[in-house]
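Report on the structure given below.
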Amino acid sequence: MMRYVANKIMTAIFLTLVVSVLVFLLMRALPGDPALIALGDSATIESIAAYRHHLGLDLPLTRQYWRWISGVALHFDFGQSVLNQQDVSEIVRQRLPNTLTIGIPSLVLGVLTGIPTGIATAIFRGRGVDQLITLVINSFLGTPRFLIALFGVLVLALKWRLIPLQGYTAPWDDFAAYLHKAAWPIIVNSIYIVAVVARHTRSNLLEVMNQDYIRTARANGLSEWRIVFGHALKNTLIPVLTVIGLEMPQIVGGAVVIETIFNIPGIGQLVLNGVVNRDYLVVQAAVLVISLVTVSSNLAVEVLYGLVDPRIRRGAR
């Protein structure tokens, strides 16, 4: 087990480094000079050159990357914002909790709704309930998240006034206001997870229900409900764990859309504003934190998967 975990940790570290290199190079490939954006069109060539030197943008790319990644690895120092010289670590620290207070409830809601939905469609396979739920699931999978979010803004907020138009309150500031303002963003962010988890739960449960030991249980006179919840469900949920882990990027990636539409000051909005303003270090820090959250969640799921299914550990040796 220790070798299995060590291999997964090394893979996670390697993936994080790859992401750091890619985001670093992509930001440098974008058109536009961050020094010019920060100083304005009236800045002189000399002042722009001096500002670029101050930011280290006149260094070779390899030295720029090493300077940045070594500061992050050794001191958790992401540098300073190109635009306002604010500490990037502090900016991320302020924004990350807002994203997590939308993302984590979305994941929990998606899993708690998706698993029972998948079980129901498997039990009532081929009946009207199964067909209706499958139609809804496929509709969710085929509808872009921003369209559902815009529906909430145009209909539920502007027309019916059931939800606030925009804004966000942290749960530790006012929990009732948080629930009121965050309910629709959380629902929108969880819809895709509900659909994916339900579909995988259904397919896995149907596969398990065709196994020999399930046929034996039926032959012994056990009820269908007892067979499902007493025997089949445990083996059904093991593959679903992997699906849940893989949905973490969807949660964080969807934050850009959700936070922009609902004006939530989180990591997603920070990335978008950073790209527009060519704020290199802010975008690099935000994307690196997103990748760390994603890789860590996948690592936790893979370790848990190895604990509940010894075949996975043996296959990794």
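Counted from 1, the sequence shown has number 73 at position 73 by UniProt numbering; the numbering is strictly sequential.
Ideal placement from N, C-alpha and C gives every residue a C-beta, glycine not left out.
- Annotated three-state conformation of D77 is coil, per DSSP.
- Per DSSP, reduced to three states, the secondary structure at D130 is helical.
- Cβ-Cβ distances below 7 Å link I69 to S20 in the same chain, with the five nearest sequence neighbours on each side left out; the list follows chain order.
- Around the beta-carbon of S190, 16 or more other beta-carbon atoms lie within 10 Å, marking it buried.
- Assigned with DSSP and collapsed to three states, D279 falls in coil, not helix or strand.
- If you look at E90, you'll find it in the alpha helix (DSSP H) that goes V88 to I123.
- Contact check for T134 against T143 fails: the beta carbons are separated by 8 Å or more.
- When secondary structure is reduced to three states using DSSP, Y4 falls in the helix class.
- For G254, the CB contacts under 6 Å within the same chain, skipping 5 residues up- and downstream, are R145 and N189 in chain order.
- The beta carbon of L36 sits closer than 7 Å to the beta carbons of A43 and I48 from its chain, once the five residues preceding and following it are set aside; these are given in chain order.
- Secondary structure remark: continuous alpha helix (DSSP H) runs of at least 4 residues inside the segment 32 to 73, in chain order: 34 to 39 and 45 to 55.
- Looking at the backbone, the Cα of N235 and that of V208 are separated by about 7 Å.
- Collapsing the DSSP output to three states places Q269 in a helix.
- DSSP places T236 inside the alpha helix (DSSP H), whose first and last residues are L233 to L246.
- Look at N220 here: in three-state DSSP terms it is coil, with no helix or strand label.
- I251 is positioned such that its CB atom lies closer than 8 Å to that of L107.
- Using a 10 angstroms sphere on the CB of T216, the tally of other CB atoms stays under 16, which defines it as exposed.
- By the CB criterion at 8 Å, A182 and T260 fall outside the cutoff.
- A38 is positioned such that its CB atom lies closer than 8 Å to that of L83.
- A residue is called buried when at least 16 other Cβ atoms come within 10 angstroms of its Cβ; P34 meets this threshold and is buried.
- Selection I193, R127 and E46 evaluated against N138 yields I193 as nearest (Cα-Cα).
- Under the DSSP assignment, F262 falls outside any alpha helix (DSSP H); it carries neither an H nor an E label.
- Inclusion of A157 and I163 in the CB contact set at 8 Å is warranted, their separation being smaller than that value.
- Pairing D130 with G114, the inter-Cα distance amounts to about 14 Å.
- Taking the C-beta atoms as reference points, V92 is found no nearer than 8 Å to I244.
- For the options E302, L22 and A170, the alpha carbon positioned closest to that of L241 is the one of E302.
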